[in-house]
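A.B. asks: Have a look at the structure that comes next, please.
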Amino acid sequence: MENSSIYADFNRTNSSASEEEEESLRCPWPAEDNKFVTSLEHFPALWISIFVRPTVILLGTVGNAIVFSVQLRDKRKSTTNVYLAVMSVSGFFILWSAFPDYVLLVLSRSGAAAKVWESYPSCERFHGPLMWLQYSAVWIADCTLVVFSVERLLCTMNPIRYLNFFTMKRALHLEMSVVVMSALWNLHYIVFYHYKPHLTPLHISWGAIMVKTDAFRCVCTWLVLMVTNVTLVRALAKHSRARKEMLATSSAAAAAAAATAHQKPRSRNRTSSILLLCSAVIYSITQFPFIVYALLVMAAEPPHCWINISARDAALCLVFGGNLSVLGYSIDCVVFYCSSAGFRRQLEIRCTIIMLMLVTIMPRVNASMNSSSDVQATLTVPASSKSPIVLSFPHLLETTTQTPRSIAHCLGCPFGPNTP
Numbered sequence: 001m002e003n004s005s006i007y008a009d010f011n012r013t014n015s016s017a018s019e020e021e022e023e024s025l026r027c028p029w030p031a032e033d034n035k036f037v038t039s040l041e042h043f044p045a046l047w048i049s050i051f052v053r054p055t056v057i058l059l060g061t062v063g064n065a066i067v068f069s070v071q072l073r074d075k076r077k078s079t080t081n082v083y084l085a086v087m088s089v090s091g092f093f094i095l096w097s098a099f100p101d102y103v104l105l106v107l108s109r110s111g112a113a114a115k116v117w118e119s120y121p122s123c124e125r126f127h128g129p130l131m132w133l134q135y136s137a138v139w140i141a142d143c144t145l146v147v148f149s150v151e152r153l154l155c156t157m158n159p160i161r162y163l164n165f166f167t168m169k170r171a172l173h174l175e176m177s178v179v180v181m182s183a184l185w186n187l188h189y190i191v192f193y194h195y196k197p198h199l200t201p202l203h204i205s206w207g208a209i210m211v212k213t214d215a216f217r218c219v220c221t222w223l224v225l226m227v228t229n230v231t232l233v234r235a236l237a238k239h240s241r242a243r244k245e246m247l248a249t250s251s252a253a254a255a256a257a258a259a260t261a262h263q264k265p266r267s268r269n270r271t272s273s274i275l276l277l278c279s280a281v282i283y284s285i286t287q288f289p290f291i292v293y294a295l296l297v298m299a300a301e302p303p304h305c306w307i308n309i310s311a312r313d314a315a316l317c318l319v320f321g322g323n324l325s326v327l328g329y330s331i332d333c334v335v336f337y338c339s340s341a342g343f344r345r346q347l348e349i350r351c352t353i354i355m356l357m358l359v360t361i362m363p364r365v366n367a368s369m370n371s372s373s374d375v376q377a378t379l380t381v382p383a384s385s386k387s388p389i390v391l392s393f394p395h396l397l398e399t400t401t402q403t404p405r406s407i408a409h410c411l412g413c414p415f416g417p418n419t420p
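Mapped onto full-length UniProt numbering, the consecutive letters of the sequence shown carry residue numbers 1 to 420.
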């Protein structure tokens, strides 16, 4: 999340005010040299962004695409599919709307976002729309996570009342409202950057209000998610204890439950709660450093002037906090794979389909390069069969209707003993 852009641009725009206003709004901190902030030679920590950001963007793009594909193709549609799909799309836009800042950082070898955009006037007109897209996507992802948390908590606390209340249609309506609200609220960034050369002191003060509002929104989101999900964990633990006590009172029920425990699949409600808790933990860990940075910056600026934080320390916190914040929107796929058996099964099916397509198409490509038109992909079946399987592309749809175990076994690439 490149929140550094708006902070840097606001500070630079503030410098266009009169000298008297600047003197009256300046904190009584000793002056310091800020050259190291605007140069890689003076501030080597910026190399972290140069080397880490491409990896994060690649991981986030692939991961969010996989999450969106799995949720979209899931036949048992639920509200969880809606929320996870929206979060994956938002994460994709967050990553790629910050990519131009990374490109300009590499080209200019400078960490001052405002001056970087000024050095490329032909690109500066896109700065406002990119900031609007980035902040809107951040708002959508965070608000969706809050809505998801509240829904899971209500359905856990009072399932009889709320399980049928939160339908997929209602979830779609909620997400449409979140998207519209986020897009309208962040329109300020388009106006701010478009009319930046002609800003009045009123517009400058409005920019400061928006910066503080976004920091306040981050803090509130973090606190709401912490309280909601801690309460959810307590409710789930209470239900688990009540179920164990109920089974303990009946020996027959306990024996039946023990006999079918290893065969009974995990319920969708429990899976949704686990996915939610994983997302909330990721958000809480990855966003906390940047929230601390934003609060420290506001406390060090007028009219508060509560703490003196040096420019070097602030820039260092921004480098680590900003990259960790962006990473939080990129690793959902890894966590979902580790926590959800259904997600692993869907991902294995898609990997198998891709492998079949490659095995079927690559011989045709090689044949066309070798001027041979009638080449088919021949695969060897397990030892129990003596005849080879001949696959051609039209039969791909028929083949992929098999289970992942049978397809993978034919390809000589079993996924493991737990694959259905």
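Ideal Cβ placement from N, Cα and C applies to all residues, glycine included.
Bear in mind that the values here come from a model prediction, so they are computed numbers and not experimental data.
I'd like the list of long-range same chain contacts for L174, defined as Cβ closer than 7 angstroms, with 5 residues on each side in sequence excluded.
C.D. replies: If we look at L174 and ignore the five residues flanking it on each side, its Cβ neighbours are V147.
A.B. asks: Between L232 and the rest of its own chain, which residues show a CB-CB distance below 8 angstroms, the 5 nearest in sequence each way excluded?
C.D. replies: S149, R152, L153, T156, S273, L276, L277
A.B. asks: For N64 and Q71, which I take to be in contact (beta-carbon distance under 8 angstroms), what is that distance rounded to the nearest angstrom?
C.D. replies: Not a contact, Cβ separation roughly 11 angstroms.
A.B. asks: Just how far apart, CA to CA, sit I209 and G342?
C.D. replies: 44 angstroms
A.B. asks: Could you give the first and the last residue of the continuous alpha helix (DSSP H) run that contains H304?
C.D. replies: It is not in any alpha helix (DSSP H) - H304 carries neither H nor E in the DSSP assignment.
A.B. asks: Given residue 453, which residues of its chain have a CB within under 6 angstroms of its CB, disregarding the five upstream and five downstream residues?
C.D. replies: Given a span of 1 to 420 for the chain in the structure shown, any question on residue 453 remains unanswerable.
A.B. asks: Per the contact definition of three or more C-beta pairs closer than 8 angstroms, is the stretch 328–347 in contact with the stretch 44–62?
C.D. replies: yes
A.B. asks: Any contact between the stretch 287–306 and the stretch 237–248? By contact I mean 3 or more CB pairs, one from each, below 8 angstroms.
C.D. replies: no
A.B. asks: In three-state terms, what does DSSP make of D332?
C.D. replies: helix
A.B. asks: Taking Cβ to Cβ, would you say G321 is nearer than 7 angstroms to Y283?
C.D. replies: no
A.B. asks: Helix or strand or just coil, what does DSSP make of N81?
C.D. replies: N81 falls in the helix class under three-state DSSP.
A.B. asks: Locate the alpha helix (DSSP H) running through W132, then write down its first and last residues.
C.D. replies: 127–157
A.B. asks: Can you tell me whether DSSP reads N164 as helix, strand or coil?
C.D. replies: coil
A.B. asks: Are the beta-carbon atoms belonging to A137 and S90 less than 7 angstroms from one another?
C.D. replies: Their beta carbons are under 7 angstroms apart, which means A137 touches S90 by this criterion.
A.B. asks: Among residues of its own chain, excluding the 5 on either side of R26, which ones have a beta-carbon nearer than 8 angstroms to its beta-carbon?
C.D. replies: P302
A.B. asks: Does the Cβ-Cβ distance between L133 and F93 come in under 7 angstroms?
C.D. replies: yes
A.B. asks: Look at the Cβ atom of I50, then the Cβ atom of C333, and state whether they are nearer than 7 angstroms.
C.D. replies: no
A.B. asks: Spatial neighbours of T271 within its chain, please: C-beta separation below 7 angstroms, excluding the five flanking residues on both sides.
C.D. replies: S340, G342
A.B. asks: Considering only residues of the same chain and omitting the five flanking positions on each side of V86, which have a CB-CB separation below 7 angstroms?
C.D. replies: Taking V86 as the centre and dropping the five residues before and after it, the same chain places the C-beta of I140, T144, E175 closer than 7 angstroms to its C-beta, in chain order.
A.B. asks: Grab me the residues of P129's own chain with a C-beta within less than 7 angstroms of its C-beta, minus the 5 sequence neighbours each way, in chain order.
C.D. replies: I190
A.B. asks: Work out the CA separation of V106 and residue 439 for me, nearest whole Å.
C.D. replies: Lying before the first or after the last residue shown, residue 439 is absent from the chain, which here runs from 1 to 420.
A.B. asks: With H, G and I counted as helix, E and B as strand and the rest as coil, what does DSSP make of I353?
C.D. replies: helix
A.B. asks: Considering only the beta carbon of each residue, do Y83 and H127 sit closer than 7 angstroms?
C.D. replies: no
A.B. asks: If you measure between the beta carbons of L316 and A45, is that distance less than 7 angstroms?
C.D. replies: The criterion of a C-beta distance shorter than 7 angstroms is satisfied by L316 and A45.
A.B. asks: Let me know the secondary structure DSSP gives N323 once reduced to three states.
C.D. replies: In the structure shown, the three-state DSSP call for N323 is helix.
A.B. asks: Out of N269, S310, M168, which one is the CA nearest neighbour of residue 426?
C.D. replies: Missing from the structure shown is residue 426; the chain here goes from 1 to 420 and no further.
A.B. asks: I need the DSSP call for Q71, collapsed to helix, strand or coil.
C.D. replies: helix
A.B. asks: What is the DSSP secondary structure of W206, counted as helix, strand or coil?
C.D. replies: helix
A.B. asks: Might you give, ordered along the chain, the residues of its own chain that have their beta carbon closer than 7 angstroms to the beta carbon of V335, omitting 5 neighbours on each side?
C.D. replies: C278, I282
A.B. asks: In whole angstroms, what separates the C-alpha of R217 from that of H188?
C.D. replies: Each residue's alpha carbon lies about 16 angstroms from the other.
A.B. asks: What's the call for I307, buried or exposed, on a 16-neighbour Cβ count within 10 Å?
C.D. replies: It is exposed - the Cβ of I307 has fewer than 16 other Cβ atoms within 10 Å.
A.B. asks: Less than 7 angstroms between C-beta atoms, sequence neighbours within five positions excluded: which residues of the same chain meet that for A299?
C.D. replies: So the list reads W306, I307, once near-sequence residues are dropped.
A.B. asks: Do L225 and A311 have their CB atoms nearer than 7 angstroms?
C.D. replies: no
A.B. asks: Nearest CA to the CA of T221: which residue from A242, I285, T352?
C.D. replies: Residue I285 is the option with its Cα nearest to T221.
A.B. asks: Measure the CB-CB distance between Y337 and R344 and report whether it falls below 7 angstroms.
C.D. replies: yes
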